[in-house]
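Quick note on numbering: the sequence shown equals residues 1378 to 1784 in the working numbering. Below is one structure, written out as structure tokens; the observations come after it.
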Amino acid sequence: MGIEEPGLDEQITDFVRRQVALANLPAAAIVAATMEYLGGEANPADIEARAWPVVTTELGAHLAAQARWPEVTDNDRLTAAFRTLSAGGLVARENFSCCQNCGTTEIGAEVPRGRSARGYAFYHQQDAEHAVDGSGVHVAYGLFGEPPTADIGAEVAAALRAEGLPVHWDGKPGTRIRVSLTWQRRRVGRLAALPAPVDDDVDIDVELLNQWTGVYAPTDGLLSAARLVGLHLPWLPTGVRIRLAHEDAVLVVRREGDALVGADPQQDGRELTVGRYDGMELIRRLTGRSMRAVALPAPPDFLEATYQYRNDMQKEVPLDAAEACLLLRAMRPLSRDFLTAFGRSGCCVQVAWERDGLWLEELDTARATSTGRIATIAEAERMLTVLATEDRVPIDELGGDLVTKRW
């Protein structure tokens, strides 16, 4: 007897579990990716209906598991090693491109205009998927336009070993470097968001009145209230308004700082203001129904951030301290990555990779000045965390030779 092909539910579970572990996509984007991956296997609506509960279960299990992980995981060490390689003049990328052939072809485009790089190192998407399954990652390396050299391979291997990762490499320039690791990538902020727990869900007609694109944005059309409230409303960018409709009722929702404001155009714009995680109150107003829902936990810390990472620009989006620090650690030297974060009262921290290192500064918009210096990741994390939790920037406590510039 031959081996039976896995059924649709098993395929969905395997794919979703891997995507949750990769920790690149939020819940709704994982469902969309599942529909695309299995598009020829069944009706898309059927795949979507089956995928949502699996995503919710697997993501919840991931969040429970990561609470027991060590403070520093192998993935943290891997990211730190790639950051070291980038700072040393290599273009080092994690989970880059779909396969080795495409990665080797595309890596040259990662060198920012006006800058140079000595070579490259990367592992690709299939490597990451294999690592989730326990096979470790294989790091490709080389020079631009020339065959790989043992010197570049040795530099990559040394950076990985310096972080305490087991490295397997025969020293030959044609052999990729294998790294043994336990795959543990954390999910925080939007990547950790789940649909709101609600007993009597209802579909809401959603229309974006301003541009909002990317994996965190909802699409126009009918959307479950639980998903709208849990996955999208808490992260509305400033300036984006969403029109919500149910039967004959309408609300236009925007975010102001850490609050959501729902305006009823049918009642002279009468407004209801709720916490950023209390969007179900707006749904109750819209539908007139007493929907039973568990309140979503609202983090006490808050930042309003604009950042660029992996050529993706996000403008004026709310973050908590954990998500801001995760973005900071993922920012890549030899890139144009930056993060600008404002506290509740307008205090501002900005970080960006410069030629000499990670530039950290406090922006004083009233005086049109900035004060800062080249800093470590830990120092930048502290500034962002204090800003998010205490609404201040202790730049004077940073010490060292601070430089003040006028704009």
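In this text, a Cβ means the ideal position worked out from N, Cα and C, and glycines have one as well.
7 Å CB neighbourhood of residue i in its chain, flanking five on each side removed
i	result
ARG1495	GLY1466, LEU1467
THR1526	LEU1520, PRO1550
C-alpha gap between residue i and residue j, whole angstroms
i	j	result
ASN1478	ALA1707	24 Å
GLY1548	ASN1472	23 Å
SER1493	ASP1714	16 Å
TRP1612	PRO1489	30 Å
SER1722	ASP1635	12 Å
HIS1623	ARG1662	10 Å
PRO1595	GLY1652	20 Å
GLY1530	TRP1546	9 Å
LEU1568	ALA1404	7 Å
ASP1578	SER1667	11 Å
VAL1793	GLY1437	Lying outside 1378 to 1784, the shown extent of the chain, residue 1793 is not represented and no answer is given.
GLY1734	LEU1704	16 Å
Cβ neighbour criterion (16 or more within 10 Å) applied to residue i
i	result
LEU1775	buried
ARG1604	buried
CYS1702	buried
ARG1744	exposed
GLY1749	buried
ALA1422	exposed
GLU1700	buried
LEU1462	buried
MET1378	Its pLDDT being 40, under 50, MET1378 is placed unreliably by the model, and nothing is read from it.
GLY1656	buried
GLU1435	buried
Proximal residues to residue i (C-beta, below 6 Å), its chain only, five neighbours per side dropped
i	result
CYS1725	PHE1719, LEU1740
ASP1576	ARG1669
ILE1660	ALA1602
Residues near residue i by beta carbon distance below 8 Å, same chain, minus five either side
i	result
ARG1769	GLY1720, CYS1724, VAL1763
ASP1697	VAL1565, GLY1566, PRO1676, ASP1678, PHE1679, LEU1680, ALA1765
GLU1756	LEU1737, LEU1775
VAL1627	ARG1620, LEU1621, ASP1641, PRO1642, GLN1643, LEU1663
GLU1414	According to the sequence as given, residue 1414 is Tyr; it is not Glu. Same-chain partners within the cutoff: PHE1392.
Best match in the options for proximity to residue i [C-alpha to C-alpha]
i	options	result
GLU1648	ASP1655, LEU1415, ARG1631	ARG1631
PHE1499	ALA1508, ASP1645, THR1481	THR1481
GLY1485	LEU1610, ALA1469, CYS1475	ALA1469
LEU1571	THR1753, ASN1420, LEU1711, ALA1672	ALA1672
VAL1393	LEU1659, PRO1430, TRP1730	PRO1430
SER1747	SER1667, VAL1728, GLY1665, ALA1573	VAL1728
ASP1451	THR1753, ASP1645, PRO1543, LEU1705	PRO1543
THR1552	ARG1687, ARG1562, THR1615, ALA1534	ALA1534
Of all the alpha helix (DSSP H) runs that stay within the bounds of the segment 1446–1533, which reach a length of 4 or more residues? With a minimum length of 4 residues, the continuous alpha helix (DSSP H) runs that stay inside the segment 1446–1533 are 1451–1464, 1477–1483, 1502–1509.
Length at least 4, wholly inside the segment 1725–1768: the alpha helix (DSSP H) runs in chain order: Along the segment 1725–1768, the alpha helix (DSSP H) occurs as fully enclosed runs of 4 or more residues at 1754–1767, listed in sequence order.
Restricting to runs no shorter than 3 residues, where is the beta strand (DSSP E) found entirely within the segment 1532–1599? 1554–1556, 1580–1585
Whole alpha helix (DSSP H) elements within the segment 1378–1446, 4-residue minimum: 1385–1399, 1404–1414, 1421–1443
Run through the segment 1598–1654 for me and flag every whole beta strand (DSSP E) of 3 or more residues, listed as ranges in chain order. 1598–1601, 1619–1623, 1626–1633, 1636–1641, 1647–1652
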